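First comes the structure, then the notes that go with it.
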């Protein structure tokens with residue numbers, strides 16, 4: 208579950224429903240979201256696989272900059288650990304590659320965090336296939352987090368094949384097309400709504416199921432994350448885990 212928004216009640220309900228993977232970032236709420244997650248899991252740390260990201264720094268007026276230099280990596284990690292109130296982070300992502308720093312440098316500094324016991328596994332977000340290969344050559348990358356959905360399939364051109372080649376899991380964000388597949392039907396989305404009507408579920412649940420089932424197409428783990436602020440939407444998303452689309456449905460959704 209992605210935690211760019213929400214409250215402790217939603218997180219606690221997610222854990223009660225069996226959700227074990229929580230995703231956040233130091234940029235969400237300028238660090239306040241990590242504090243929120245930390246409070247929610249204070250007595251349930253062992254129930255959670257905790258992922259967070261670093262590298263995006265908010266400035267004045269909503270502006271932001273990117274940092275992935277070695278000097279910043281440990282500082283960012285230690286700050287996240289304090290806000291989360293934990294001793295280690297299960298999956299630590301570079302949020303966006305720094306255009307002024309080779310990805311190899313960023314990953315090498317992140318690898319030092321693994322050696323120090325502050326981080327267990329490394330991830331990269333919003334990277335190209337070439338950046339993934341370069342980073343993976345320095346230290347194994349456990350997961351990549353790109354945008355991937357029925358309406359955003361560009362990653363299947365190069366990044367997803369690279370993940371399959373290297374044995375890297377994919378953790379898609381915006382698997383419901385940034386909400387376009389969860390609300391009222393838009394032109395071009397009729398197939399999603401038709402499948403949803405036949406199944407008696409919401410279109411957003413169909414979108415989640417489709418993204419998750421790309422794992423079978425590409426032969427790699429796919430764990431879509433969906434942010435929510437409402438328990439009803441959370442429960443709907445969790446219910447989609449048991450939804451398996453058949454071959455005809457998949458064909459109608461994937462021209």
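Residue numbers (my numbering): 208 to 462. Ideal Cβ positions, reconstructed from N, Cα and C, are used throughout, including at glycine. Being a predicted model, the structure only gives us computed values, none of them experimental.
Pick out whichever of the options has its Cα sitting closest to the Cα of residue i.
i           : options            : result
residue 228 : 434, 438, 457, 443 : 434
residue 327 : 259, 451, 279, 425 : 259
residue 325 : 360, 281, 339      : 281
residue 384 : 355, 284, 252, 366 : 355
residue 442 : 412, 422, 457      : 412
residue 236 : 269, 224, 223, 225 : 269
residue 251 : 293, 266, 453, 425 : 293
residue 253 : 216, 333, 455, 295 : 295
residue 215 : 438, 333, 323      : 438
residue 255 : 266, 224, 267      : 224
residue 284 : 314, 426, 247      : 314
residue 244 : 265, 427, 423, 218 : 218
residue 322 : 427, 346, 307      : 346
For my contact list, residue i and residue j are in at a C-beta cut-off of 8 Å; report their separation, rounded to the angstrom.
i           : j           : result
residue 262 : residue 301 : 5 Å
residue 298 : residue 350 : 6 Å
residue 274 : residue 305 : 6 Å
residue 277 : residue 312 : 6 Å
Given residue i, which residues of its chain have a CB within under 7 Å of its CB, disregarding the five upstream and five downstream residues?
i           : result
residue 242 : 290
residue 357 : 384, 388, 399, 414, 417, 460
residue 212 : Bear in mind that the predicted position of residue 212 carries a pLDDT of just 47, short of 50, making it unreliable; the figure below should be weighed with that in mind. Correct list, in chain order: 434, 436.
residue 448 : none
Which residues in the same chain have their Cβ closer than 6 Å to the Cβ of residue i, if we skip the five residues on either side of it in sequence?
i           : result
residue 148 : In the structure as shown, the chain starts at 208 and stops at 462, and residue 148 therefore has no counterpart that could be examined.
residue 348 : 329, 331, 342, 375
residue 234 : 263
residue 359 : none
residue 333 : 303
Less than 8 Å between C-beta atoms, sequence neighbours within five positions excluded: which residues of the same chain meet that for residue i?
i           : result
residue 457 : 417, 420
residue 336 : 365, 366, 368, 369
- Query: Counting only runs that start and end within the stretch 270 to 294, where is the alpha helix (DSSP H) found for 4 or more residues in a row?
  - Reply: 277 to 291
- Runs of beta strand (DSSP E) lying entirely within the stretch 307 to 349, each at least 3 residues, in chain order: 326 to 332
- Item | Whole beta strand (DSSP E) elements within the stretch 370 to 447, 3-residue minimum | none
- Inside the stretch 241 to 273 only - beta strand (DSSP E) runs reaching at least 3 residues: 256 to 261, 263 to 265, 271 to 273
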